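Let me begin by presenting the structure, written as structure tokens, before commenting on it.
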């Protein structure tokens, strides 16, 4: 009997440890699997809804699609937004799984990030709406200017469009917490850098024309 007890006691301890951890492990796995499946399906639904409202066509109309392609992003806007949503749901499932496992150290790290995500999404939506409104304003101004005989309707439309775009970008930057860039010294530095860049581009690009013009003056 002593030998049997000597063998069974460690086995009981092992099974006791396994049985105590089994619910936690199963819960974590279930949270990860279910979260992954939900994230994938939610991403598909979001992409389907966005495609049904022709968000990709709208993004190309306002120039957002071209901007993304220039930046190396080949996905359509609908798939890109769906991917962001999928990643967000997956991260949420991971946080839930870690919380179920009793890992609370992730809280101080993820709480600021999760709190910042809605702000970023709101800022992006604001920027997209601003770009769309800029296109509408541009078309409206060109239409009115051309039909009322105003000079240079294309220039007025372009100016109006970029005025709205600038306001949209300013709002976007303010919402994500970088509004200080448009005040005080940072604003002056950006204006100075822009002025210097324009001066260099016009100076280097137009030096041949300037030399030709000066040569004609000297010959006279």
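Numbering (my numbering), first residue to last: 32 to 251. Think of the CB as a built atom: it goes at the ideal place given N, C-alpha and C, for glycine as much as any other residue. None of the values given here were measured: they were computed from a predicted structure.
query: How about residue 73 and residue 120: do their beta carbons lie closer than 8 Å?
result: In contact: residue 73 and residue 120 (Cβ atoms closer than 8 Å).
- prompt: Relative to the ligand NAD, is the shortest distance from any of its heavy atoms to the C-beta of residue 201 smaller than 7 Å?
  reply: In the structure on display, the ligand NAD does not appear, and there are no ligands present to speak of.
query: Between residue 103 and residue 91, what straight-line distance do the alpha-carbon atoms span, to the nearest angstrom?
result: Roughly 15 Å between the two C-alpha positions.
- prompt: Does DSSP put residue 179 in a helix, in a strand, or in coil?
  reply: Reduced to three states, the DSSP call for residue 179 is coil.
task: Under the assumption that residue 154 contacts residue 196 (Cβ atoms under 8 Å), give the Cβ distance between them as a whole number of angstroms.
output: Not quite, the Cβ-Cβ distance comes to about 15 Å (not below 8 Å), so this is no contact.
- request: Please report how far the alpha carbon of residue 55 lies from the alpha carbon of residue 66, in whole angstroms.
  value: The straight-line gap from Cα to Cα measures roughly 16 Å.
Distance between residue 116 and residue 61 (C-alpha atoms, nearest Å): Computed Cα separation, rounded: 20 Å.
query: Are the CB atoms of residue 113 and residue 81 nearer to each other than 8 Å?
result: In this structure, residue 113 sits near residue 81, with a CB-CB distance shorter than 8 Å.
- prompt: What is the rounded straight-line gap between the Cα of residue 131 and the Cα of residue 58?
  reply: Residue 131 and residue 58 have their C-alpha atoms some 7 Å from each other.
query: Near residue 161, what residues of its chain come up, given a Cβ to Cβ distance below 8 Å and the 5 sequence neighbours on each side ignored?
result: Hits under 8 Å: 195, 196, 198, 199, 200, 202, 203.
task: Using only alpha-carbon positions, find the residue among 111, 106, 86, 64 that is nearest to residue 123.
output: Per the C-alpha coordinates, the member of 111, 106, 86, 64 positioned closest to residue 123 is 64.
- prompt: Should residue 150 and residue 207 be called a contact, given that it needs their Cβ atoms to be closer than 8 Å?
  reply: Contact flag set, yes.
- request: Pick helix, strand or coil for residue 85, following the three-state DSSP scheme.
  value: If DSSP states are grouped into helix, strand and coil, residue 85 belongs with coil.
- request: Going by CA-CA distance only, name the one from 129, 168, 182 that's closest to residue 193.
  value: Ranking the options by Cα distance to residue 193, first place goes to 168.
field: Simplified DSSP assignment, three categories, for residue 209
entry: DSSP places residue 209 outside both helix and strand once states are collapsed to three, so it counts as coil.
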